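Quick notes on the structure that follows.
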């Protein structure tokens with residue numbers, strides 16, 4: 001009888017183990033992108049920017065982190081619970097709505113490397129950012145125009161702006177215009193990430209790069225502010241899809257009617273975090289597939 005009970009208990013625990021293993025496998029499958037695709041997630045973090053990228057090679061990149069710790073729950077939906085590392089963290093510029101969430105992530109995750117302009121900024125949050133980098137001994141690379149970062153499996157991130165070395169300096173103008181602008185490419189598809197640059201920088205990029213600026217997907221600069229998304233820039237980029245990272249009922253009136261109208265004139269399909277929630281765009285190097293939270 002004891003032996004029979006032992007066998008029953010053994011079967012029970014074994015079945016429990018199989019169930020737990022099956023759950024883990026399915027969880028991993030559901031939280032990882034298809035093996036041949038790049039997944040670009042424009043996270044709904046309120047009034048701020050946060051973009052999480054996963055490549056076919058398994059590399060993970062976080063571009064900006066939004067205004068607060070909500071980024072942690074957003075990452076928790078995309079990354080397996082056992083995954084506590086991010087290969088590359090990019091801070092486009094040191095304002096709170098882009099930087100605050102990165103501080104929280106850097107405290108809790110192992111960060112392989114940080115890419116930043118190195119521009120200085122006078123704020124308590126920036127002081128904390130620098131402190132966390134030092135305490136966690138995170139390697140820092142200064143972004144420079146012309147750099148091309150290989151993310152594996154034919155995925156590249158090319159730096160288009162800023163033109164000048166800003167490391168260790170205060171920016172003389174609006175620090176929004178010191179934002180890193182980068183182009184993520186995979187096969188025939190490309191994604192342009194713009195931080196908070198304004199029209200003068202956009203027009204300069206369009207004049208310098210011309211048709212080479214063309215991208216399938218545009219992260220609309222500065223949350224859809226009227227100071228950005230100039231006609232010259234949109235004409236050069238020619239995006240099929242635009243994503244606006246903006247919070248519900250924000251006090252800035254973002255995105256502005258002017259920007260929405262200009263995007264509409266170019267026949268661009270628009271997705272917004274305040275309306276669509278998190279927006280995921282998958283690329284297999286040839287075609288794009290868009291998934292939205294709502």
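Numbering (UniProt numbering), first residue to last: 1 to 294.
Ideal Cβ placement from N, Cα and C applies to all residues, glycine included.
What you are looking at is a predicted structure, and each value in this text was computed from that prediction instead of being measured.
Taking C-alpha atoms, which residue in 82, 105, 80, 78 lies nearest to residue 89?
Working through the chain shown from its first residue, we reach residue 89 at position 89. Taking only the C-alpha atoms, the option nearest residue 89 is 105.
Exposed or buried, what is residue 36 when buried is set at 16 or more other beta-carbons lying within 10 Å of its beta-carbon?
Taking the first residue of the chain shown as position 1, residue 36 is located at position 36. Under the 10 Å beta carbon count, residue 36 is surrounded by fewer than 16 other beta carbons and is classified as exposed.
Within the continuous alpha helix (DSSP H) that includes residue 106, where are the two ends?
Locating residue 106 in the chain shown gives position 106, counting from the first residue. That run of the alpha helix (DSSP H) goes 96 to 108.
Residues of its chain near residue 250, where Cβ-Cβ distance is below 7 Å and the 5 sequence neighbours each way are ignored:
Taking the chain shown and counting its residues from 1, one reaches residue 250 at position 250. Excluding its 5 nearest sequence neighbours in each direction, residue 250 has C-beta neighbours in its own chain below 7 Å: 47, listed in chain order.
Answer with buried or exposed for residue 39, where buried requires no fewer than 16 other C-beta atoms within 10 angstroms of its C-beta.
Counting from 1 along the chain shown, the entry for residue 39 is found at position 39. Buried: at least 16 other Cβ atoms inside 10 Å.
Less than 6 Å between C-beta atoms, sequence neighbours within five positions excluded: which residues of the same chain meet that for residue 323?
Past the boundaries of the shown model lies residue 323; the chain is included only from 1 to 294, so the question cannot be answered.
Going by DSSP, what residue range makes up the beta strand (DSSP E) through residue 280?
Numbered from 1 along the chain shown, position 280 holds the residue referred to as residue 280. 279 to 283 is the extent of the beta strand (DSSP E) around residue 280.
Which runs of the beta strand (DSSP E), 3 residues or longer, sit entirely within the stretch 225 to 262?
Runs of the beta strand (DSSP E) inside the stretch 225 to 262: 241 to 244.
Can you list, in chain order, the residues of its chain with a C-beta nearer than 6 Å to that of residue 49? Leave out the 5 residues immediately preceding and following it.
Within the chain shown, residue 49 is the residue found at index 49, counting from 1. If the five residues before and after residue 49 are omitted, its C-beta is found closer than 6 Å to the C-beta atoms of 64, 98, 245, all from its own chain and listed in chain order.
Through-space distance from residue 87 to residue 111, alpha-carbon basis
Mapped onto the chain shown, residue 111 falls at position 111. Mapped onto the chain shown, residue 87 falls at position 87. If you draw a straight line from the Cα of residue 111 to the Cα of residue 87, it is about 6 Å long.
In three-state terms, what does DSSP make of residue 73?
On the chain shown, position 73 is the one that residue 73 refers to. Reduced to three states, the DSSP call for residue 73 is helix.
Taking the beta strand (DSSP E) that residue 87 falls in, what are its first and last residues?
By one-based count along the chain shown, residue 87 stands at place 87. Element bounds for residue 87: 85 to 91.
So for residue 81, helix, strand or coil by DSSP?
To locate residue 81, count along the chain shown from 1; it is residue 81. Residue 81 carries a coil assignment under DSSP once its states are collapsed to helix, strand and coil.
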